[in-house]
Amino acid sequence: MLQRFGFYRLLFYECLCWLVFASVTGLNLTITPSRNVEVNQSVTLHCELDPNPPPPVVVIFSLQSPFTTLCVVEPWNGECKNTPDPCRNLYNASCPSDTRYSIQVKVPMDWNGASVVCETFFERSNSIIFSVNGMLRIRNTSNFGLPVSSVNLTQTTIVVSAGQMINLTCVTSYSNPAATISWHKSSEDITPQSTSETLTKGSLVRTISSLRSIVVKEDNGKQIYCRANNTMDASITSSMRTIIVLYKPEVSSSLSNPYRVIEGETATLLCTVTDANPNTNITWRWVKINSTNDVLHTGRTYTIPNIKRDRSGSYICRASNKVGTSEGAVIDIDVLCM
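Per our numbering, the sequence shown starts with residue 1455, numbered consecutively.
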């Protein structure tokens, strides 16, 4: 009987030790400097795994209420691989080892009371609950206000043909006083092309700004964004969007003009696309001016073997893409007698 009791006691202590060790293993989430923050204050979230985590190692930082994935990171020789742009640019993700990961976030007012965790495919960390102090005294006034904490450019992609108008919208968080929104295209301030309105909720105000702007070919690749401000200390910039401008081809010919060729020889006419977007699936047309509109050739190089005197004249090449057809490049052929 005593032997059986000793066996069960030993088994009890072994289970207890296993539970103790299990309770201290797993993922550990910490925050610096503190979970008690001011609106729009930057904090760093550190996620630490146990040594030798089981593969695949993928760490997910997420907000729990409402559920929002903030960042997904994978380690690769001290760096984060396969990391989407928001993780790199917005959250400055870091993966110094297989067991240590971090992101930096600016805490908005609506994260007050929200919890954040990190997790892998196998485990979840402890949660950290934010306490956000949003009522800050605005400089040079005797009133209390709420700095603007976010501004969102609602369109995610901007693809437009040259000469057309883009319609974009930026929306701020609720603040006090109302935020003003400015618009920027790379280094150019285009705010005069926008209009704004406000929505009120109690003492707080949300600003909505709409931009209507005609784009030109030279805008292709430029970055557009908006910026919101309602105090000297609170200026927020939206995510940047790249403008993709589609435009018809531009063509030219490097041949001397007029192009002289001896009768009976081979004339070779060449046209080149100097610019186009998209620069794929280009189609060509060669026609002779002051003749029928029949298409003589459909490639960029037009060859006329054993040319005769009656083939003298002006030829024009045009290129087309899905946007439109280029202006023509004219080549004058002068067929000389032998």
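Virtual Cβ for every residue (Gly too), placed ideally from N, Cα, C.
N- and C-terminal bounds of the beta strand (DSSP E) containing residue i
i: residue 1624; result: 1619–1626
i: residue 1638; result: 1634–1639
i: residue 1532; result: Unbroken run through residue 1532: none, as it is neither H nor E.
i: residue 1514; result: 1513–1518
i: residue 1492; result: 1490–1492
i: residue 1556; result: 1554–1561
Neighbourhood of residue i by C-beta distance below 6 Å, restricted to the same chain and skipping five residues each side
i: residue 1637; result: 1644, 1645, 1648, 1665 and 1680
i: residue 1573; result: 1514
i: residue 1725; result: 1705, 1707, 1754, 1771 and 1783
i: residue 1478; result: Since pLDDT at residue 1478 reaches only 37, below the 50 mark, its modelled position is unreliable, and no value is offered.
i: residue 1742; result: 1767 and 1769
i: residue 1475; result: Low confidence applies here, because residue 1475 scores a pLDDT of 35, under 50, leaving its location unreliable; read the following figure in that light. For residue 1475, where only same-chain residues beyond five positions count, there are no Cβ hits under 6 Å.
i: residue 1676; result: 1639, 1640 and 1697
i: residue 1534; result: 1527, 1547 and 1549
i: residue 1684; result: 1602, 1629, 1631 and 1633
Helix, strand or coil at residue i [DSSP, three-state]
i: residue 1786; result: strand
i: residue 1707; result: coil
i: residue 1460; result: Model confidence at residue 1460 stands at a pLDDT of 41, short of 50, so the residue's coordinates are unreliable and nothing is read from them.
i: residue 1469; result: For residue 1469, the predicted structure reports a pLDDT of 41, less than 50, and the residue's modelled location is therefore unreliable. A value from the coordinates is still provided. Residue 1469 falls in the helix class under three-state DSSP.
i: residue 1601; result: coil
i: residue 1779; result: strand
i: residue 1717; result: coil
i: residue 1503; result: coil
i: residue 1645; result: helix
i: residue 1673; result: helix
i: residue 1729; result: strand
i: residue 1763; result: helix
i: residue 1595; result: Unreliable placement is indicated for residue 1595, whose pLDDT of 39 sits below 50; no coordinate value is reported for it.
i: residue 1481; result: coil
i: residue 1549; result: coil
i: residue 1653; result: strand
i: residue 1572; result: strand
i: residue 1739; result: strand
i: residue 1700; result: strand
i: residue 1724; result: strand
i: residue 1744; result: coil
Cβ separation of residue i and residue j, assumed to be a contact under 8 Å, to the nearest whole Å
i: residue 1606; j: residue 1586; result: Rounded, the Cβ-Cβ distance is 19 Å, inconsistent with contact.
i: residue 1583; j: residue 1569; result: 5 Å
i: residue 1492; j: residue 1554; result: That pair is no contact at about 27 Å.
i: residue 1627; j: residue 1563; result: 7 Å
i: residue 1699; j: residue 1674; result: 4 Å
i: residue 1529; j: residue 1552; result: 5 Å
Cβ shell of residue i (< 8 Å), same chain only, five flanking positions each side left out
i: residue 1619; result: 1666, 1667, 1668 and 1669
i: residue 1546; result: 1557 and 1558
i: residue 1575; result: 1510 and 1512
i: residue 1650; result: 1634, 1635, 1661, 1662, 1663 and 1664
i: residue 1495; result: 1560 and 1561
i: residue 1748; result: 1741
i: residue 1621; result: 1664, 1665 and 1666
i: residue 1752; result: 1737, 1738, 1739 and 1740
Own chain, CB closer than 7 Å to residue i, minus 5 neighbours either side, in chain order
i: residue 1595; result: Low confidence applies here, because residue 1595 scores a pLDDT of 39, under 50, leaving its location unreliable and the question unanswered by this model.
Do the region 1725–1744 and the region 1685–1705 make contact, defined as three or more Cβ pairs closer than 8 Å?
The region 1725–1744 is in contact with the region 1685–1705.
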